[in-house]
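In order, the protein sequence lines correspond to chains A and B. Per the working numbering: the first sequence = residues 129 to 601. Per the working numbering: the second sequence = residues 129 to 601. The beta-carbon is built from N, C-alpha and C at its ideal position, and this holds for glycine as well. Since this is a predicted model, take the numbers as computed values, not measurements. The structure appears below as structure tokens.
There are 2 protein chains.
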Amino acid sequence: MNEFEKVGVSFVKDLRRIVGERAVIYEDREALEAYSSDESGGVYYSHLPEVVVKPENAKQISEIVKLAGDARVPITPRGAGSGLAGGAVPIYGGVVISFERMNKILEIDEENLVAVSEPGVVTNDLCKKVAERNLYYAGYPMSVETSFIGGNVATNAGGSKVIKYGNTVHHILGVEAVLPSGETVRFGGKRRKDSSGYDFVRLLAGSEGTLALFTKIFVNLIPLPGKTVDLLVPFKSTEDAVRNVAVAIKEGGVLPTAVEFIDKLSVKLGEKYNNVVLPFSDTAEAYLIVQFEGKSREELEKIYVNAGKALISHGAMNVFVADNRTNSDKIWKVRRNWLEGIKAFDPYVPTGDVVVPTSEIPKIIDFIKILSKESGVKIPVAGHAADGNLHPAPMKPEDMNPAAWKDYSEEILDKIALKAAELGGAVSGEHGIGFIKKRVLAETKPAQVSIMRSLKRVFDPNGILNPGKLFDL
Amino acid sequence: MNEFEKVGVSFVKDLRRIVGERAVIYEDREALEAYSSDESGGVYYSHLPEVVVKPENAKQISEIVKLAGDARVPITPRGAGSGLAGGAVPIYGGVVISFERMNKILEIDEENLVAVSEPGVVTNDLCKKVAERNLYYAGYPMSVETSFIGGNVATNAGGSKVIKYGNTVHHILGVEAVLPSGETVRFGGKRRKDSSGYDFVRLLAGSEGTLALFTKIFVNLIPLPGKTVDLLVPFKSTEDAVRNVAVAIKEGGVLPTAVEFIDKLSVKLGEKYNNVVLPFSDTAEAYLIVQFEGKSREELEKIYVNAGKALISHGAMNVFVADNRTNSDKIWKVRRNWLEGIKAFDPYVPTGDVVVPTSEIPKIIDFIKILSKESGVKIPVAGHAADGNLHPAPMKPEDMNPAAWKDYSEEILDKIALKAAELGGAVSGEHGIGFIKKRVLAETKPAQVSIMRSLKRVFDPNGILNPGKLFDL
């Protein structure tokens, strides 16, 4: 498999006929380079597409797919390029289909509590638009300000609110998609239940563009939650912080919206990058950020007083309450800009993304600490502790050359991913597999990957859709 | 396809070796008959299995599956037999695998908020057990008192609480399953997020035993909701009732847990059957039952006062508030025992299960009314109005003979199902397809069924697992 043809002049001519002259990038190296990598680190993980095409609708995508299928040219779909696993990198060249022009919110249906969106809509824009109508899209990922809704569905993105709301797939009622055959098929839609055959919406979510290309997305909406409160909770040790995740989940009396973990090194770098100072940052080894939602101030107060007392009695150094936007933003800034903060000091930093059952967080954190010591590599960690999803970010030792670091950092991240799987977790909780994590996926889910391959062949017998992602055929 | 071998004596001997003498039923017609039908109506839709086997664990199931695969004997998995679409009916004979002895709750993991259950646990028992620890399984179907959790997952069962909590699949974190190859594979588990390849948990949920047999189920738990209140709301016309579904969803300020619809004919039959009288039952043409959850009495009061006022101002005849168990049970009795109530007066009644976008409820109700008039058949309707899932139940005209009624009632239900799909819904919202709805599924989802067939072949190349369900190969 994976023997593809090169893009030729007549192929490009056909693409231009389909989408128009200006929606095709060809033979312009600088312009093509913008489509050669994602946030996983262009320095290591980039590959130039032969041609980029920017369709506007399902019909054009269908024609492109048929054209590429006939010509045996590989297709790599691309959202905002904010992925962290290389899913949008065209590792076999060929065509990149960029969804950037399919950026319309087609409908906000208040009666059915559904929004219909094109895949290239920035998720944050969607959130804002529905908020204007007092509605809420709860599949909110952390990268909401840049990522596209289509990419969120393709990776089944997570974020901080999964403990309460579940990940992206929980909020997708349907998709319209172009299959590798060129056929456009609607799966699901505005109905809220469906027990009529295999659930392809949920199969396609998280399939990272290897089975189909989304052209419309039906998003579930709920009433906008009332009010939120954020607690910033410093701890003397990471052990204390990690032990208190369960306390934060249980003692407020309601499920928190988020329980985020961030360690001292991350905070220190974040403070510099964001030009802020967090309380206790000299003495605290780790923090939790705990968020609750409630219908009223009074209700929230009851919740955070309970949770706060419990956290203090279980070893928190203090509990800082932010119940307004300004204070809340200060708390979240360091966590939200975590990766940018580290990258400002080490452009070579890769990000891991592993998930474990929440009870196993202490073990995976211990493992990372020991690995850091043994390897002589600093590994700041932050993550969505409420759902066991952690992001270790090994930093290049100053004296190591970038080429050697690529291999060494991959080795470190692979070890952490394998350990997470061993603890009952998985090698990715929210970023996806792309091509960077193929090895560890194959190692931890051999039986499952074998079924994935067979499934892939059913959908895409020529293997032209995002080849080399998730697994090799 | 579907050319199967008959069960022979040596096959039965092998089964007895695997599960023990007493866990096999063979050549005992009366005992076999108990496994020949489900709640879809044994009088029409039954077929005798050749042999019934009651395994105790995954290893036995794996051996049975391998044995049946080698012998080309079809396997029909069976939970509680409470299905309404014939999914558990062994229409090609062969082996029925009954999960009745796999009835242990293996673990309630309070730290990870996960229960691990065998498939043959009665869902209601699971709910009670976790409630003892102040936890809640939110994938609660209406048939909770009889159905098995394994069957709930197999049909992706719905219920009344989908508007707030989603259907079964939203609450399943993982399954262990025996594949048609005999291999036992774990998909998912105690981790709460996973973006590592195709999501087989969600593909297997709702696949009605055609792809794999569940041997363990990992169920998501949440803190037990505080308090509930139920509103019984009579309306002068079905139009008024249906129009007020949106009012009930929006005007309380929080999502209701349930908005149920029940029409006059259903109420009348239900009153007789349950020996109760509902207020306004002589003058009301339809009712909504609206349920809210809240942390405190005060919060709930605010919610139901708002919702109640809005409902009255939109045409409700009155709003009866039940905020204690006794009153609440009275309200729900008629709705919960709806089908039993009708069956007491017409043993030939079949139940439909269609879903539409909630905005289309008026149209599907109108359609049913007109169809009722045109066909001269009474069609009481109840359903989960909050998610557009309605159950029409055509009643046999007294002068029609049962054989003619089978065809006539199927024709009526098919028409309603096709109309639901045309309105943007689906031919089943929660009961599944079984074999009774194959026709309408094929008609409304031709492209999707074609992919389903291909997928089925990947998992089950010999087609021995629940053959003839969902589609014909």
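Among the options, which residue has its Cα nearest to the Cα of residue i?
| i | options | result |
| --- | --- | --- |
| residue 562(A) | 158(A), 218(A), 199(A), 191(A) | 218(A) |
| residue 230(A) | 537(A), 265(A), 278(A), 264(A) | 278(A) |
| residue 558(A) | 306(A), 263(A), 335(A), 202(A) | 335(A) |
| residue 401(B) | 473(B), 159(B), 437(B) | 473(B) |
| residue 194(B) | 518(B), 146(B), 453(B), 492(B) | 146(B) |
| residue 350(B) | 468(B), 242(B), 439(B) | 242(B) |
| residue 394(A) | 365(A), 250(A), 452(A), 467(A) | 467(A) |
| residue 517(B) | 488(B), 525(B), 540(B), 532(B) | 488(B) |
| residue 384(A) | 445(A), 247(A), 428(A) | 428(A) |
| residue 189(A) | 567(A), 306(A), 144(A), 270(A) | 306(A) |
| residue 505(A) | 525(A), 519(A), 363(A) | 525(A) |
Rounded to the nearest angstrom, how far is the Cβ of residue i from that of residue j, given a contact under 8 Å?
| i | j | result |
| --- | --- | --- |
| residue 569(A) | residue 324(B) | 6 Å |
| residue 553(B) | residue 482(B) | 6 Å |
| residue 346(A) | residue 179(A) | 31 Å between Cβ atoms; not a contact. |
| residue 377(B) | residue 266(B) | About 18 Å separates the two Cβ atoms, so there is no contact after all. |
| residue 250(A) | residue 283(A) | That belief does not hold up - the Cβ atoms of residue 250(A) and residue 283(A) are roughly 15 Å apart, past 8 Å. |
| residue 537(A) | residue 478(A) | 5 Å |
| residue 382(A) | residue 432(A) | Contact flag wrong, Cβ pair sits at about 11 Å. |
In angstroms with no decimal places, state the Cα-to-Cα distance between residue i and residue j.
| i | j | result |
| --- | --- | --- |
| residue 575(B) | residue 397(A) | 53 Å |
| residue 375(B) | residue 405(A) | 47 Å |
| residue 191(A) | residue 288(A) | 38 Å |
| residue 140(A) | residue 151(A) | 11 Å |
| residue 187(A) | residue 301(A) | 22 Å |
| residue 339(B) | residue 418(B) | 37 Å |
| residue 522(B) | residue 403(B) | 23 Å |
| residue 601(B) | residue 308(B) | 16 Å |
| residue 237(B) | residue 475(A) | 41 Å |
| residue 440(A) | residue 465(B) | 50 Å |
| residue 148(B) | residue 372(A) | 49 Å |
| residue 391(B) | residue 459(B) | 14 Å |
| residue 556(B) | residue 285(B) | 10 Å |
| residue 181(A) | residue 166(A) | 17 Å |
| residue 221(A) | residue 344(A) | 26 Å |
| residue 303(A) | residue 314(A) | 6 Å |
| residue 205(B) | residue 598(B) | 14 Å |
| residue 512(A) | residue 503(B) | 58 Å |
| residue 437(A) | residue 423(A) | 21 Å |
| residue 435(B) | residue 213(B) | 36 Å |
Decide if residue i is buried, meaning its Cβ has at least 16 other Cβ atoms within 10 Å, or exposed.
| i | result |
| --- | --- |
| residue 565(A) | buried |
| residue 211(A) | buried |
| residue 530(A) | exposed |
| residue 232(B) | exposed |
| residue 161(B) | exposed |
| residue 318(B) | buried |
| residue 137(A) | exposed |
| residue 496(B) | buried |
| residue 454(A) | exposed |
| residue 539(A) | exposed |
Output the boundary residues of the alpha helix (DSSP H) element that contains residue i.
| i | result |
| --- | --- |
| residue 473(B) | Taken as a continuous stretch (DSSP letters only), residue 473(B) belongs to no alpha helix (DSSP H), as it is neither H nor E. |
| residue 571(A) | 566 to 572 |
| residue 278(A) | 277 to 283 |
| residue 327(A) | Note, residue 327(A): premise wrong, no alpha helix (DSSP H); not H, not E. |
| residue 480(A) | No alpha helix (DSSP H) contains residue 480(A), which DSSP labels as neither H nor E. |
| residue 291(A) | 290 to 293 |
| residue 462(B) | 453 to 464 |
| residue 494(A) | 489 to 503 |
| residue 536(B) | 530 to 550 |
Along chain C, which residues have their Cβ under 7 Å away from the Cβ of residue i?
| i | result |
| --- | --- |
| residue 230(A) | The structure shown contains no chain C; its protein chains are A and B. |
How far does the beta strand (DSSP E) with residue i in it extend, from its first residue to its last?
| i | result |
| --- | --- |
| residue 344(A) | 341 to 348 |
| residue 355(B) | 355 to 363 |
| residue 206(B) | 203 to 206 |
| residue 235(A) | 233 to 237 |
| residue 386(A) | 386 to 391 |
| residue 517(B) | 517 to 520 |
| residue 415(B) | 414 to 422 |
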